[in-house]
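S.K.: Heads up: the sequence shown begins at 1 in full-length UniProt numbering, then just goes up one per residue.
Just so you know, even glycine gets a beta-carbon here, dropped at the ideal spot from N, CA and C.
Fair warning: this is a prediction, and the values are worked out from it, not measured in the lab.
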Amino acid sequence: MNFFKKLFKTYQESSKEKEINEQIVHLSLDDSFVHNFINRGGKFLYCTSINEVTNNLKHILQENNWNKITCTDFDLLKITEKIDVAVQKHSSESIPFFTSCEHLIADKGEILFSSNQLSSYKLASYSKHFIVYATTSQLVKNTGEGLTGIKTHFSGNIPTNISSIKNYKFEVDDDNFLSYGNNNTKDLYLLLFEDL
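#1: In the DSSP output, which residue or residues are listed as bridge partners for ASP107?
#2: Please report the straight-line C-alpha distance between VAL34 and GLY109, rounded to a whole angstrom.
#3: Alpha carbons only, please: which of LYS122, ILE69, SER92 is nearest the one belonging to ALA86?
#4: Which runs of the beta strand (DSSP E) at least 3 residues long sit entirely within the UniProt domain "LUD" (46–192)? Give them in chain order.
#5: Exposed or buried, which one is GLN88 when buried takes at least 16 other CB atoms within 10 Å?
#6: Buried or exposed for residue 233, please, with buried defined as at least 16 other CB atoms from any protein chain shown within 10 angstroms of its CB.
#7: Answer yes or no: do VAL53 and LEU191 have a C-beta to C-beta separation smaller than 8 angstroms?
#8: With the cut-off set at 8 angstroms, would you say GLU93 and SER115 are in Cβ contact?
#9: Suppose you measure from the CA of ALA134 to the CA of PHE37; what does that come to, to the nearest Å?
#10: Cα separation between SER137 and LEU57?
#11: Give me the Cβ distance between GLY146 and ILE105, rounded to the nearest whole Å; I'm assuming they're in contact under 8 angstroms.
#12: On the CB-based measure, 16 or more other CB atoms within 10 Å of its CB, does ILE131 come out buried or exposed?
#13: On the CB-based measure, 16 or more other CB atoms within 10 Å of its CB, does THR160 come out buried or exposed?
#14: In angstroms with no decimal places, state the Cα-to-Cα distance between ASP187 and GLY42.
#15: Starting from the C-beta of CYS47, find all residues in its chain whose C-beta is less than 8 angstroms away, skip the five residues before and the five after it, and write them out in chain order.
#16: Tell me where the alpha helix (DSSP H) around LEU29 begins and ends.
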């Protein structure tokens, strides 16, 4: 009988260990986004002041030897004026694109854009290098909340061309014919400004 008691005891202990190891961890919205964003290969810089945003942008450009960027956002052009970089207003596949976004989607680590940032062009037609400026108030739990936020914020004049960047690592061996010509993978830096 002792054999069965020992066997049953070890079974109970292993199932208790399994329960402990499988507990669900609930992360805050910002922690969830950062975790998922980094797991997808994104590069993340947290900023607490506009000076920090400017300095981080300057360091990104220096690190990558970029002396020219594309920027169409009037508010972001004010940031570029403080650093030594040539700015062009028309997108190019070879020049990094500095832009804002609509929302940051926490549960997937994705960044949501609309025609406000992309005009009528597809993500695939932009440079593979993106530098995105976003604020912590743009964090939403999921895509549904992001779309609702766009609808609420722009009621009466909802933007078009809503899309998201889902991957931040380039897969060289991606032979999936379904994604041919529609690749939204970008080498992406995120400058996240604390505004709450």
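M.R.: Judging by the given coordinates:
#1: Along the sequence shown, one-based indexing puts residue 107 at 107. Beta-bridge pairing by DSSP links ASP107 to no other residue.
#2: As a working mapping, residue 34 is identified with position 34 in the sequence shown. As a working mapping, residue 109 is identified with position 109 in the sequence shown. C-alpha separation (whole angstroms): 7 angstroms.
#3: Within the sequence shown, numbered from 1, the residue matching residue 86 stands at position 86. Looking at the Cα atoms, ILE69 is the closest of the given residues.
#4: 68–70, 86–88, 97–99, 103–105, 110–113, 129–135, 163–165
#5: As a position in the sequence shown, residue 88 is number 88, starting the count at 1. Exposed is the call here.
#6: Here the chain has residues from 1 to 196 only, and residue 233 is not among them.
#7: For the purposes of this step, residue 53 is taken as the residue at position 53 of the sequence shown. For the purposes of this step, residue 191 is taken as the residue at position 191 of the sequence shown. Yes. Within cutoff.
#8: Taking the sequence shown and counting its residues from 1, one reaches residue 93 at position 93. Taking the sequence shown and counting its residues from 1, one reaches residue 115 at position 115. No, they are not a contact pair.
#9: For the purposes of this step, residue 134 is identified with residue 134 of the sequence shown, where counting begins at 1. For the purposes of this step, residue 37 is identified with residue 37 of the sequence shown, where counting begins at 1. Rounded to whole angstroms, the gap between the alpha carbons of ALA134 and PHE37 is 13 angstroms.
#10: As a position in the sequence shown, residue 137 is number 137, starting the count at 1. As a position in the sequence shown, residue 57 is number 57, starting the count at 1. SER137 and LEU57: Cα-Cα distance of roughly 20 angstroms.
#11: Numbered from 1 along the sequence shown, position 146 holds the residue referred to as residue 146. Numbered from 1 along the sequence shown, position 105 holds the residue referred to as residue 105. Correct: roughly 6 angstroms between the Cβ atoms.
#12: Reading the sequence shown from its first residue, position 131 is the one you call residue 131. With 16 or more other Cβ atoms within 10 Å, it is buried.
#13: For the purposes of this step, residue 160 is identified with residue 160 of the sequence shown, where counting begins at 1. Counting Cβ neighbours within 10 Å, THR160 comes out exposed, since fewer than 16 surround it.
#14: Translated into positions along the sequence shown, residue 187 becomes position 187. Translated into positions along the sequence shown, residue 42 becomes position 42. Approximately 7 angstroms between the Cα atoms of the pair.
#15: Locating residue 47 in the sequence shown gives position 47, counting from the first residue. Only VAL53, ASN56, LEU191, LEU192, PHE193, GLU194 meet the Cβ criterion.
#16: Here residue 29 refers to the residue found at position 29 when the sequence shown is read from its first residue. Residues 29–39.
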